[in-house]
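Protein chains: 2
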Amino acid sequence: MAKKNAFYAQSGGVTAVINASACGVIEMARKHKNQIANVYAGRNGIIGALTEDMIDTNKESARTIAALRHTPGGAFGSARYKLKGIEENRLEYERLIEVFKAHDIGYFFYNGGNDSMDTAHKVSQISRQMGYPVACLGIPKTVDNDLPITDNCPGFGSVAKYIAVSTQEAALDVASMAKTSTKVFVLEVMGRHAGWIAAAGGLAGKTPAEAPHIILFPEVPFNKKAFLQRVKECVDRYDYCVIVVSEGARYADGKFLAEAGTRDAFGHAQLGGVAPVVADMVRQELGLKYHYAVADYLQRSARHIASATDVKQAYAVGEAAVKFALQGKTAIMPVIKRVSDTPYKWKIDEAPLSRIANKEKMLPKRYITADGFGITAACRRYLEPLIRGEDYPPYKNGLPNYVILKNQPVTKKLKTDFVV
Amino acid sequence: MAKKNAFYAQSGGVTAVINASACGVIEMARKHKNQIANVYAGRNGIIGALTEDMIDTNKESARTIAALRHTPGGAFGSARYKLKGIEENRLEYERLIEVFKAHDIGYFFYNGGNDSMDTAHKVSQISRQMGYPVACLGIPKTVDNDLPITDNCPGFGSVAKYIAVSTQEAALDVASMAKTSTKVFVLEVMGRHAGWIAAAGGLAGKTPAEAPHIILFPEVPFNKKAFLQRVKECVDRYDYCVIVVSEGARYADGKFLAEAGTRDAFGHAQLGGVAPVVADMVRQELGLKYHYAVADYLQRSARHIASATDVKQAYAVGEAAVKFALQGKTAIMPVIKRVSDTPYKWKIDEAPLSRIANKEKMLPKRYITADGFGITAACRRYLEPLIRGEDYPPYKNGLPNYVILKNQPVTKKLKTDFVV
Chain A
1 MAKKNAFYAQ SGGVTAVINA SACGVIEMAR KHKNQIANVY AGRNGIIGAL TEDMIDTNKE
61 SARTIAALRH TPGGAFGSAR YKLKGIEENR LEYERLIEVF KAHDIGYFFY NGGNDSMDTA
121 HKVSQISRQM GYPVACLGIP KTVDNDLPIT DNCPGFGSVA KYIAVSTQEA ALDVASMAKT
181 STKVFVLEVM GRHAGWIAAA GGLAGKTPAE APHIILFPEV PFNKKAFLQR VKECVDRYDY
241 CVIVVSEGAR YADGKFLAEA GTRDAFGHAQ LGGVAPVVAD MVRQELGLKY HYAVADYLQR
301 SARHIASATD VKQAYAVGEA AVKFALQGKT AIMPVIKRVS DTPYKWKIDE APLSRIANKE
361 KMLPKRYITA DGFGITAACR RYLEPLIRGE DYPPYKNGLP NYVILKNQPV TKKLKTDFVV
Chain B
1001 MAKKNAFYAQ SGGVTAVINA SACGVIEMAR KHKNQIANVY AGRNGIIGAL TEDMIDTNKE
1061 SARTIAALRH TPGGAFGSAR YKLKGIEENR LEYERLIEVF KAHDIGYFFY NGGNDSMDTA
1121 HKVSQISRQM GYPVACLGIP KTVDNDLPIT DNCPGFGSVA KYIAVSTQEA ALDVASMAKT
1181 STKVFVLEVM GRHAGWIAAA GGLAGKTPAE APHIILFPEV PFNKKAFLQR VKECVDRYDY
1241 CVIVVSEGAR YADGKFLAEA GTRDAFGHAQ LGGVAPVVAD MVRQELGLKY HYAVADYLQR
1301 SARHIASATD VKQAYAVGEA AVKFALQGKT AIMPVIKRVS DTPYKWKIDE APLSRIANKE
1361 KMLPKRYITA DGFGITAACR RYLEPLIRGE DYPPYKNGLP NYVILKNQPV TKKLKTDFVV
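Quick note, the sequences are listed as chains A and B, same order.
Just so we're aligned, residue 1 is where the first sequence starts under this note's numbering, counting upward by one.
Just so we're aligned, residue 1001 is where the second sequence starts under this note's numbering, counting upward by one.
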């Protein structure tokens, strides 16, 4: 294949390490200048390609690109924008190819979750149909850890570490205050459909006495009576109770606890937030003093406590995507394959996008204890290696020295605008 | 003074570094075995003294005590328990002296905030009145940074660092998503009366374009119209808006934006849930998509991102309290005196408890910008040194290796029980 440009875009919710993948892509591409002339990044993800609003990464120094490895968020802007099916919206796909042609783009790297892998797959199909060859590579990214085939998803290990560490720390606080103050602490974590992040909270303790005492998974129908009974037992036995609740926790009929239409302890109508709902149950039914935290974006942007394993893997999948593309491969995604648990060993493998697109990997039943409130030894074996190692960013005057790119635009070549 | 035992207790809300002060007390006491035979710690603070439920710290190894320096929470248990005035509740004070006599306690170290300094002061008075000499030393601790005289309070620097780092990280996340998703992010932080913690969020950005774009202080009456207008301006100008809101944010009439109507053991109004209130205003009046996080206990237990300056100072005030006591001083508290801003230099000084008890240091007007939504250069000069330096705990299998003490009881000597 002759020398071509590459297009890279970030998609969906960003993570603490998605920029590490971008770093892997760009640094590997720069090692193959004879095959990849430049990496253009989409400003605000795929929207940047559709509107021909691309960023010239060659304008960034090697040092700046290297700093992406320790910078959270999406350095080029991400987007929640899903391309529809080819038949429904052929125009968008054709526009992509038109932009790729105009800028001599022969490689398409799409860094995202399930939806994005579907898009990357469709772009590979349309490129074949239109006779303009583009190597289409997915790069896995999701804090939800719900992509199939890959053993885990870059982005998850760091949010898992943040939640496990935060649970452990808050539990020490609550335990010391329980005699005269807060008895129940509730931590709300992300994961609308899959309970991987909630499960990670379980790493904070090893015995039933250690926090978290209760985990509420989206996979386990919420049983209010059993839940309250367990809270009471914990407080009776240990003086306090720490609960990790997934934002996706729901009743047997599928209704989310967060949309229960209740009022919080302060009489305010619920504004979406499962922690206050759970905390209010505890107060109303058991009369116990509570506190709650909602980690929200803090959990997925917490690069300061990123997992070293996660950073390495995020970088590796970015690097591997470029390698695969240079080998002439297309319509695949680098996946992480676990070679062994102890010692933890992994390698990069590949999987076709068609097998990944639009599929969700839920927390398996065997990872949840029989009572539905905890994680099993098998789950712990799976999760532990993913949070291992610290990879601290450099600091300046007490704050992480995160990089902000220049993000200079690539000169437009097309005469037509495209409205998304 | 002949060889005596010491009593140490933790009081009120714990912090990421209160155990570092305990470490300073115990390690310094162990260096003076000829004067201090043993340090007994109150189980659950002062309640442990009243109920004669004390912990024998001599049963803990040097290594375990050293590990307190990097362990958050209150290792011996803390309590929200305020002793009333001497006239109102003479029995409690007499009981304290009775317990001190029974266990040959000649030193009383009380690690807490304003209320605790009042207690320590009263104990010094009663000890004199009852003719049983006890050196009564306060040790400053409060995330709220609201003790007078001392330049800053141990515990604050670490929560300040956590809030500044979290604001910076979440802002990178929101900025990358703003094109198609969340436009407004609200972070709720502690600080019931004083806006020190909220102000620390301001360290995350240096220019008006950088987050946080708005800080809501308890010191500035909340003006809904001005607030919403500023949010709109930010979103128009920067595409997104990051807001740090203090739990103590209130209207001009003094009513908190989020008031629970309940009161804690010290008679303070219980607060919580201001972030959803603010976020809901943004949604209702401006129709903007928002996310919010409630840091709650995560912020004050986040030892993983503690400020090295804070850890050093927390240790130093513990150590200094023992030194002062051994010099025969009483009814004082070690304070931190700032010698210079650049380079930041500080030393330990002393102040009488009578000048500290029950006084609150608010954020001065000159630290808040004229519009009421930001921090001034003077505020930045004050805050910056306090978050400087990282002091990471050791890790094991991806989690901080925090210590849990044996906490073995001291054999009771009194025949009478005391009910608190």
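C-beta: ideal position from N, C-alpha, C; glycine also.
For Ile1214 (chain B), is the classification buried or exposed, using 16 other Cβ atoms within 10 angstroms of its Cβ as the cut-off for buried?
Here residue 1214 (chain B) refers to the residue found at position 214 of the second sequence. The residue in question, Ile1214 (chain B), is buried, as its Cβ has 16 or more Cβ neighbours within 10 Å.
* Residue-chain proximity (Met177 (chain A), chain B), Cβ-Cβ < 7 Å -> Against the first sequence, residue 177 (chain A) aligns to sequence position 177. With 7 Å as the cut-off, Met177 (chain A) counts as an interface residue toward chain B.
Legend entry - Bridge partners - Lys1396 (chain B), DSSP secondary structure assignment: Along the second sequence, one-based indexing puts residue 1396 (chain B) at 396. Bridge partners of Lys1396 (chain B): B:Leu1399.
- Using the C-alpha atoms, what's the distance from Pro72 (chain A) back to Leu271 (chain A)? Mapped onto the first sequence, residue 271 (chain A) falls at position 271. Mapped onto the first sequence, residue 72 (chain A) falls at position 72. The predicted position of Leu271 (chain A) is uncertain, since its pLDDT is 41 and thus under 50; a value taken from the coordinates is nonetheless stated next. Looking at the backbone, the Cα of Leu271 (chain A) and that of Pro72 (chain A) are separated by about 28 Å.
**Asked** Would Gly191 (chain A) be called buried (16 or more neighbouring beta carbons within 10 Å of its own) or exposed?
**Response** Residue numbering aside, residue 191 (chain A) sits at position 191 when the first sequence is read from its first letter. Answer is buried; the Cβ neighbour count reaches 16.
| At a Cβ threshold of 7 Å, is Lys365 (chain A) touching chain B? | The count along the first sequence starts at 1 and reaches residue 365 (chain A) at position 365. Not closer than 7 Å to any Cβ of chain B, the Cβ of Lys365 (chain A) fails to qualify, so no.
Practice task
Between the Cα of Ala1029 (chain B) and those of B:Ala1062, B:Thr1411 and B:Asn1044, spot the shortest distance and give me the residue it belongs to.
Solution key: In the second sequence, residue 1029 (chain B) corresponds to position 29, counting from 1. Comparing Cα positions, the closest option is B:Ala1062.
Less than 7 Å between CB atoms is the rule here; does Leu1271 (chain B) satisfy it with respect to chain A? Within the second sequence, numbered from 1, the residue matching residue 1271 (chain B) stands at position 271. Unreliable positioning characterises Leu1271 (chain B) in this predicted model, as indicated by a pLDDT of 49, which lies under 50. The coordinate reading is nonetheless provided below. So no, Leu1271 (chain B) is outside the interface.
* **Cβ-based burial, Asp1146 (chain B) [other Cβ within 10 Å; buried from 16]** => Within the second sequence, the letter at position 146 stands for residue 1146 (chain B). Under this definition Asp1146 (chain B) is a buried residue.
Of the choices A:Asp239, A:Phe256, A:Tyr238 and A:Leu203, whose alpha-carbon is the least far from that of Val220 (chain A)?
As a first step, residue 220 (chain A) is located in the first sequence; it is residue number 220 there, counting from the start. For Val220 (chain A), the nearest C-alpha among the options comes from A:Phe256.
Exercise for review: Measure the C-alpha to C-alpha separation of Ser307 (chain A) and Tyr382 (chain A) and round it to an integer number of angstroms.
Suggested key: Translated into the one-based positions of the first sequence, residue 307 (chain A) becomes position 307. Translated into the one-based positions of the first sequence, residue 382 (chain A) becomes position 382. Their Cα atoms are separated by approximately 15 Å.
| request: Examine chain A for any beta-carbon lying closer than 7 Å to the beta-carbon of Pro1072 (chain B), and answer yes or no. | output: For the purposes of this step, residue 1072 (chain B) is taken as the residue at position 72 of the second sequence. Chain A, which has a Cβ nearer than 7 Å to the Cβ of Pro1072 (chain B), makes this yes.
Assuming contact is defined by CB atoms lying nearer than 7 Å, are His304 (chain A) and Ile1197 (chain B) in contact in what I supplied? Looking up residue 304 (chain A) in the first sequence gives position 304. Looking up residue 1197 (chain B) in the second sequence gives position 197. Taking the C-beta atoms as reference points, Ile1197 (chain B) is found no nearer than 7 Å to His304 (chain A).
Rounded to whole angstroms, what is the Cα-Cα separation between Met1054 (chain B) and His1291 (chain B)? One-based indexing of the second sequence puts residue 1054 (chain B) at position 54. One-based indexing of the second sequence puts residue 1291 (chain B) at position 291. Those two C-alpha atoms are separated by around 45 Å.
(request) Establish whether the CB of Lys1161 (chain B) and some CB of chain A are separated by less than 7 Å. (result) Residue 1161 (chain B) sits at position 161 when you count from the first residue of the second sequence. Closer than 7 Å: yes.
**Request:** Could you list which residues in chain B have their beta carbon closer than 7 Å to that of Arg300 (chain A), in chain order?
**Result:** For the purposes of this step, residue 300 (chain A) is identified with residue 300 of the first sequence, where counting begins at 1. Within 7 Å Cβ-Cβ: Asp1173.
Exercise. Gly77 (chain A) CB to nearest chain B CB: under 7 Å?
Worked result: What you label residue 77 (chain A) is simply residue 77 of the first sequence in a count that begins at 1. Yes, Gly77 (chain A) lies at the interface with chain B (some Cβ there is under 7 Å from its Cβ).
Self-check item: Complete beta strand (DSSP E) runs within the stretch 1114-1179 of chain B (minimum length 3 residues, chain order)
Solution: Runs found: 1135-1140.
When Cβ atoms are compared, which residues of the stretch 1029-1049 of chain B fall closer than 9 Å to chain A?
Against chain A - using a Cβ distance shorter than 9 Å - the residues of the stretch 1029-1049 of chain B are Arg1043, Asn1044, Gly1045 and Ile1047.
Point to revise | For His70 (chain A), the three-state DSSP class (helix, strand or coil) | key: Along the first sequence, one-based indexing puts residue 70 (chain A) at 70. His70 (chain A) falls in the helix class under three-state DSSP.
Whether Asn58 (chain A) touches Asn38 (chain A) by CB criterion (7 Å): What you label residue 58 (chain A) is simply residue 58 of the first sequence in a count that begins at 1. What you label residue 38 (chain A) is simply residue 38 of the first sequence in a count that begins at 1. Yes, the pair counts as a contact, with Cβ atoms nearer than the cut-off.
For Glu1060 (chain B), which three-state DSSP category applies?
Taking the second sequence and counting its residues from 1, one reaches residue 1060 (chain B) at position 60. The DSSP-derived three-state label of Glu1060 (chain B) is coil.
Nearest to Tyr1162 (chain B) by CA position, among B:Ala1171, B:Gly1201 and B:Thr1150, is which residue?
Numbered from its first residue, the second sequence carries residue 1162 (chain B) at position 162. It is B:Gly1201.
Item checked: Buried or exposed (CB count within 10 angstroms, at least 16 for buried), Val419 (chain A) -> The residue labelled residue 419 (chain A) in the question sits at position 419 within the first sequence. So Val419 (chain A) counts as exposed.
Check: Within 7 Å (strictly less), CB to CB, does Arg237 (chain A) reach chain B?
Finding: Numbered from 1 along the first sequence, position 237 holds the residue referred to as residue 237 (chain A). False, the Cβ-Cβ gap to chain B never drops below 7 Å.
- prompt: For Gln10 (chain A), which residues does DSSP report across the bridge?
  reply: Counting from 1 along the first sequence, the entry for residue 10 (chain A) is found at position 10. A:Asn111.
### Query
In the structure shown, what three-state DSSP assignment does Ile1018 (chain B) receive?
Numbered from its first residue, the second sequence carries residue 1018 (chain B) at position 18. Of the three classes helix, strand and coil, the one that applies to Ile1018 (chain B) here is helix, per DSSP.
*asked:* I need the boundaries of the beta strand (DSSP E) containing Leu1326 (chain B), first residue and last residue.
replied: The residue you call residue 1326 (chain B) lines up with position 326 of the second sequence. Note, Leu1326 (chain B): premise wrong, no beta strand (DSSP E); alpha helix (DSSP H) at Ala1308 to Leu1326.
Practice item. With DSSP collapsed to three states, give me the class of Lys1031 (chain B). Key: What you label residue 1031 (chain B) is simply residue 31 of the second sequence in a count that begins at 1. If DSSP states are grouped into helix, strand and coil, Lys1031 (chain B) belongs with coil.
* Asked: If you pair each beta-carbon of the stretch 163-180 of chain A with each one of the stretch 316-332 of chain A, do three or more pairs fall below 8 Å?
  -> no
Exercise for review: Take every Cβ of the stretch 164-174 of chain A, pair it with every Cβ of the stretch 1399-1409 of chain B, and state whether three or more of those distances are shorter than 8 Å.
Suggested key: yes
- Environment of Gly267 (chain A) [buried if 16+ CB atoms lie within 10 Å]: Within the first sequence, numbered from 1, the residue matching residue 267 (chain A) stands at position 267. For Gly267 (chain A), the predicted model reports a pLDDT of 44, less than 50, meaning its position is unreliable; a value from the coordinates is still stated below. That one is exposed.
**Prompt:** In three-state terms, what does DSSP make of Met1281 (chain B)?
**Reply:** For the purposes of this step, residue 1281 (chain B) is identified with residue 281 of the second sequence, where counting begins at 1. If DSSP states are grouped into helix, strand and coil, Met1281 (chain B) belongs with the helices.
Using a Cβ cut-off of 7 Å (strictly closer), state whether Asp1296 (chain B) contacts chain A.
-> Within the second sequence, numbered from 1, the residue matching residue 1296 (chain B) stands at position 296. Chain A contact via Cβ: present.
Original post:
So, using beta-carbon positions, are Lys1141 (chain B) and Asn1111 (chain B) closer together than 7 Å?
Top reply: Here residue 1141 (chain B) refers to the residue found at position 141 of the second sequence. Here residue 1111 (chain B) refers to the residue found at position 111 of the second sequence. Taking 7 Å as the Cβ cut-off, Lys1141 (chain B) and Asn1111 (chain B) qualify as a contacting pair.
Practice problem: Give, in chain order, every residue of the stretch 196-222 of chain A whose Cβ lies closer than 8 Å to some Cβ of chain B. | Solution: Leu203 and Ala204
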